[in-house]
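For reference, the structure discussed in these notes is given below.
Chains as they are written, first to last, in this note's numbering: chain A, 954 to 1393; chain B, 954 to 1393.
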């Protein structure tokens, strides 16, 4: 399996034109950033970096790919020859996966020849836009849940492969586990599951269903109690499982008041350690509203995998500097009024106050000596980019299960460092301002 | 590659419990439907059926799958033995891909043993929920565009594999082409592309970029004219390409007024056949607003792949009938107040008036003889379900490129048959009512 055709046709036709007019090998710098956070959001979360590096390892054009490109008339002979030998040999720096970001943060910087950088545009953006959108939503949900575990259960509400990526992104942003088995296998995530209404309906009655589940899975399982009548379901659950029942799940109705009633009933039946899991269209606001309810865990589906209203995060991949015909590296930028960009490679720093909290995102442009000098004078500035790929060599520590664990700790630390307002769920401005400084 | 782990853990634990208590082989009927259309939407579009059948062909548990399930402690020995031999041998009927639907329409009906049906839940819902959401948005866009072609360009705004599925769904709902190469290859779709700002910025100036593109791709290409100044860009484009230039693309600004100015400029330069392609956050409303502008094609990205505000369509997979312990097939339904369902297998019919337009969606329950009698008496009722899988044998005519073409024609015909109100973009009720009739 190659990943090279998960891309837009125009990348290959631009490559074809650039190979023909001699600009394909100009040294180029592309940056990935968002013009703005989604309306009202206070911070973003970088996710997908590990998946991007995994996909990059398979970014090559095999015989089947080349045959199709040729037959479809996408490229000419010269371009086919180039693609047959193609491997990305450039360099990629980026925010570590799990790091928070704000508007204009250069979350990824890709350098190399124009030819090798332009080919990655769609793949980079597909992965980062999707995964970061889910992670940003997940981070708000785990913020709202405070210490209660969140379980990712959204697979059925999104594309089957996006589901795997969404589970991974959710765990990076603090979810404890996922229902998705492939995500569990691929990234060594904890998988969890309860039971469905179908299992209860399959049996002649609820009693038989509960008995079957307890017999097979033991009393530590979670019984779904709302197929018919919740109070009767809870009574039956404890009748069948005893007071050591692991948990009950409520998937409908007014979850807050039901949780109170079910907790009271469980306690009165002596099942004080039986937990209550709630599911049913939860989002960060619903979770926050349940803070006072006796709920032990939240199962979140639809709103998580659809980014809680923002299913993509608007990242773009822009050429910010390139070698001109005279061999000089020059900043470049669009000047059309409605989508103007800022040229030149940015060096990103998170400036922290004496309270240890982030104060601003400082993006420096200018000569590297000046940037280094600024940094050495700014004791409280943390450099945000790290090397991910050096001259084509992928740093595998960011990939696989290890990459996910690293990203999850990074997110926890980065979020903890943000000003307290970051955890507010109401619409507002980004929690720290973006400051552009041109050092000349 | 198997698809069997693209699923939720609880399906396997329910299977385990059902195998243990003897209910796993009860004959069962599951239906896929939406409780409601997304708020304001007038109809839905079934999409993903072909992809589902393709995924079903790979739905088996290989040695790697089984080893992981065993090691992760998801299932016991008995279940592993069952899974090792598992192939779906049940029967699936459904609305043909591309067909329109409304609330409660049984878009898919899966029958077989509980064991084989329950395992498909997540895969079925992932595919249908995603693809149908994109197709519903696409259908509104192509409605609004009337005879002007729509080009799918959203790959960068969604998961890289979801992008392929989105391109496919868009074409089913009337898009003419896609920028996504893998979608072009996999489903034999027409791929198109223009050029990016990066290509212009790569060159020393716009003139050099245009010259390079024209030299490589010929004058029939599309030049992107808004990197610096649109009027200057258009003048340069015709200078370089001549009046036989294929098209110019505008990707920013007030597209309506810019299109008028650019059309006037192109005409005055003698480039009367040069087309104007517009892109930049288009959705069905923006497309409708551009109806009076001299635009020749719409490139649509973000809003298409995110379902234009409804990135998933809320389809559920519910057990509606099953064999009881006495061997009788019985309808089953949840009775909890907030998510009650309606038991029994539904037979779906689209009733048409004398004007040839759809009038209602009639869902029949009851004995098959009574259903057949109702149908033979209702001359104007079209049966909506067709066989897709019979005793495990997949009808491959619904898959691959042929399936996509069939689905696209089905969508065109089905939409044309809906009442005229179906094409209204404003929020409103479903365009035809759902009528439930129990024939006893």
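Every residue, glycine too, gets a C-beta built ideally from N, C-alpha and C. Everything numeric in this text was worked out from a predicted model, so none of it was measured.
Kindly identify the DSSP beta-bridge partner or partners of residue 1405 of chain A. No answer is possible for residue 1405 of chain A: it lies beyond the span of chain A, which begins at 954 and ends at 1393.
Separation of residue 1115 of chain B from residue 925 of chain A, as counted between CA atoms: Nothing can be reported for residue 925 of chain A: it is not among the residues displayed for chain A, which extend from 954 to 1393.
Compare the Cα-Cα distances from residue 1158 of chain B to each of B:1000, B:1118, B:1043 and B:1189 and report the closest residue. By one-based count along the second chain, residue 1158 of chain B stands at place 205. The shortest Cα separation from residue 1158 of chain B among B:1000, B:1118, B:1043 and B:1189 belongs to B:1189.
Count the other CB atoms, across all protein chains shown, that sit within 10 Å of the CB of residue 1245 of chain A; report buried if there are 16 or more and exposed otherwise. As a position in the first chain, residue 1245 of chain A is number 292, starting the count at 1. Per the 10 Å Cβ criterion, exposed.
Assign residue 1321 of chain A to one of two classes, buried (16 or more other C-beta atoms within 10 Å of its C-beta) or exposed (fewer than that). On the first chain, residue 1321 of chain A is found 368 positions in, with the first residue counted as 1. Answer is exposed; the Cβ neighbour count stays below 16.
Boundaries of the beta strand (DSSP E) in which residue 967 of chain A is found, first to last residue: In the first chain, counting from the first residue as 1, residue 967 of chain A sits at position 14. That residue, residue 967 of chain A, is in no beta strand (DSSP E); its alpha helix (DSSP H) goes 962-974.
What first and last residue would you give for the beta strand (DSSP E) that runs through residue 913 of chain B? Any question about residue 913 of chain B goes unanswered here, given that chain B covers just 954 to 1393.
Residue span of the beta strand (DSSP E) that contains residue 1253 of chain B, given as start and end: For the purposes of this step, residue 1253 of chain B is taken as residue 300 along the second chain, with counting starting at 1. Where residue 1253 of chain B is concerned, the enclosing beta strand (DSSP E) stretches over 1250-1253.
By the DSSP assignment, the alpha helix (DSSP H) with residue 1007 of chain B in it spans what residues? Indexing the second chain from 1 puts residue 1007 of chain B at position 54. Looking at the DSSP string, the run of the alpha helix (DSSP H) that includes residue 1007 of chain B is 1002-1010.
Minimum length 3: unbroken beta strand (DSSP E) runs contained in the segment 1046-1119 of chain B: Those beta strand (DSSP E) runs which fall completely within the segment 1046-1119 of chain B and span 3+ residues are 1061-1066 and 1103-1105.
Would you say residue 1067 of chain B faces chain A, with C-beta separation under 7 angstroms as the test? Residue mapping note: residue 1067 of chain B aligns to position 114 of the second chain, counting from 1. Yes, contact with chain A.
With 7 angstroms set as the bound, which would you pick, yes or no: does the beta-carbon of residue 963 of chain A sit closer than that to a beta-carbon of chain B? Residue mapping note: residue 963 of chain A aligns to position 10 of the first chain, counting from 1. Answer yes: the Cβ-Cβ gap between residue 963 of chain A and chain B drops below 7 angstroms somewhere.
Closer than 7 angstroms to chain A by CB, residue 1395 of chain B: With chain B running from 954 to 1393 in the structure shown, residue 1395 of chain B is simply not present.
Starting from the C-beta of residue 1233 of chain A, find all residues in its chain whose C-beta is less than 6 angstroms away, skip the five residues before and the five after it, and write them out in chain order. Along the first chain, read from residue 1 onward, the residue named residue 1233 of chain A stands at position 280. Taken in chain order, the residues that qualify are 1204 and 1205.
What are the residues of the segment 1105-1118 of chain A that lie near chain B, defined by any Cβ-Cβ distance shorter than 8 angstroms? Only 1106, 1108, 1109, 1110, 1111, 1112, 1113, 1114, 1115, 1116, 1117 and 1118 from the segment 1105-1118 of chain A bring a Cβ to less than 8 angstroms from some Cβ of chain B.
Taking three-plus beta-carbon pairs below 8 angstroms as touching, is the segment 1147-1157 of chain B in contact with the segment 1118-1128 of chain B? No, they do not touch.
For chain B, check one thing: does any of its Cβ atoms lie closer than 7 angstroms to the Cβ of residue 1359 of chain A? For this step, residue 1359 of chain A is matched to residue 406 along the first chain. Between residue 1359 of chain A and chain B, the shortest Cβ-Cβ separation is not below 7 angstroms.
Note the first and the last residue of the continuous alpha helix (DSSP H) segment covering residue 1362 of chain A. The sequence position of residue 1362 of chain A within the first chain is 409, counting from 1. Element bounds for residue 1362 of chain A: 1353-1370.
Starting from the Cα of residue 1048 of chain B, find the closest Cα among B:1097, B:1367 and B:1221 and give me that residue. As a working note, residue 1048 of chain B is residue 95 in the second chain. Taking the Cα of residue 1048 of chain B as reference, the smallest distance to any Cα among B:1097, B:1367 and B:1221 is reached at B:1367.
Less than 7 angstroms between the C-beta atoms of residue 1338 of chain A and residue 1046 of chain A, yes or no? If you number the first chain from 1, residue 1338 of chain A lands on position 385. If you number the first chain from 1, residue 1046 of chain A lands on position 93. Yes. Within cutoff.
8 angstroms Cβ cut-off: residues of chain A touching residue 1181 of chain B: Counting from 1 along the second chain, the entry for residue 1181 of chain B is found at position 228. Those are 1287, 1288 and 1289, listed as they occur along chain A.
Please check the pair residue 1086 of chain A and residue 1263 of chain A, which I expect to be a contact at CB under 8 angstroms, by giving their CB distance rounded to whole angstroms. Taking the first residue of the first chain as position 1, residue 1086 of chain A is located at position 133. Taking the first residue of the first chain as position 1, residue 1263 of chain A is located at position 310. Residue 1263 of chain A and residue 1086 of chain A do touch by the CB rule: their CB atoms are close to 6 angstroms apart, below 8 angstroms.
Any C-beta of chain B within less than 9 angstroms: which residues of the segment 980-997 of chain A qualify? Of all residues in the segment 980-997 of chain A, the ones placed with a Cβ closer than 9 angstroms to any Cβ belonging to chain B are 981 and 983, in chain order.
Below 8 angstroms, how does it come out for the segment 995-1004 of chain B and the segment 1169-1187 of chain A: are there three or more Cβ pairs, yes or no? Contact fails: fewer than three Cβ-Cβ distances are below 8 angstroms.
Beta-bridge pairing of residue 1268 of chain A - partner residues as DSSP gives them: On the first chain, position 315 is the one that residue 1268 of chain A refers to. DSSP lists A:987 as partners of residue 1268 of chain A.
Please list the terminal residues of the continuous beta strand (DSSP E) segment that includes residue 1229 of chain B. Translated into the one-based positions of the second chain, residue 1229 of chain B becomes position 276. In the DSSP assignment, residue 1229 of chain B falls within the beta strand (DSSP E) that extends over 1228-1231.
Which residue spans inside the segment 1107-1194 of chain A form an unbroken beta strand (DSSP E) run of at least 3? Here the runs fully enclosed are 1175-1177.
Amino acids of chain A, ordered along the chain, whose beta-carbon sits closer than 8 angstroms to that of residue 1080 of chain B: Here the question's residue 1080 of chain B lines up with position 127 in the second chain. Residues of chain A passing the Cβ test: 1112 and 1113.
Should residue 1351 of chain B be flagged as near chain A, meaning a C-beta pair shorter than 7 angstroms? Stepping through the second chain from its first residue, residue 1351 of chain B is reached at position 398. False, the Cβ-Cβ gap to chain A never drops below 7 angstroms.
Out of B:1181, B:1207 and B:1266, state which residue places its alpha-carbon closest to the alpha-carbon of residue 1080 of chain B. Locating residue 1080 of chain B in the second chain gives position 127, counting from the first residue. It is B:1266 whose Cα lies nearest to the Cα of residue 1080 of chain B.
According to a CB-to-CB cut-off of less than 8 angstroms, which residues of the segment 1156-1169 of chain B neighbour chain A? From the segment 1156-1169 of chain B, only 1156, 1157, 1161, 1164, 1165, 1166, 1168 and 1169 have a Cβ closer than 8 angstroms to chain A.
In terms of alpha-carbon separation, which member of B:1331, B:1360, B:1186 and B:1037 lies closest to residue 1200 of chain B? Within the second chain, the letter at position 247 stands for residue 1200 of chain B. Cα-wise, what sits closest to residue 1200 of chain B is B:1186.
Nearest to residue 1344 of chain B (by Cα), restricted to the options B:970, B:1041 and B:960: Taking the second chain and counting its residues from 1, one reaches residue 1344 of chain B at position 391. Ranking B:970, B:1041 and B:960 by Cα distance to residue 1344 of chain B puts B:1041 first.
For residue 1380 of chain B, return the contacting residues in chain A, with the cut-off set at a CB-CB distance below 9 angstroms. By one-based count along the second chain, residue 1380 of chain B stands at place 427. Correct list: empty, because the minimum Cβ distance to chain A is about 18 angstroms.
Closer than 7 angstroms at the beta carbon, the chain A residues around residue 967 of chain B: Start at 1 with the first residue of the second chain, and residue 967 of chain B comes out as number 14. Chain order gives the chain A residues near residue 967 of chain B as 1148, 1149 and 1152, where near means a beta carbon separation below 7 angstroms.
Distance, residue 1277 of chain B Cα to residue 1084 of chain A Cα: Counted from its first residue, the first chain places residue 1084 of chain A at position 131. Counted from its first residue, the second chain places residue 1277 of chain B at position 324. Each residue's Cα considered, the two are about 44 angstroms apart.
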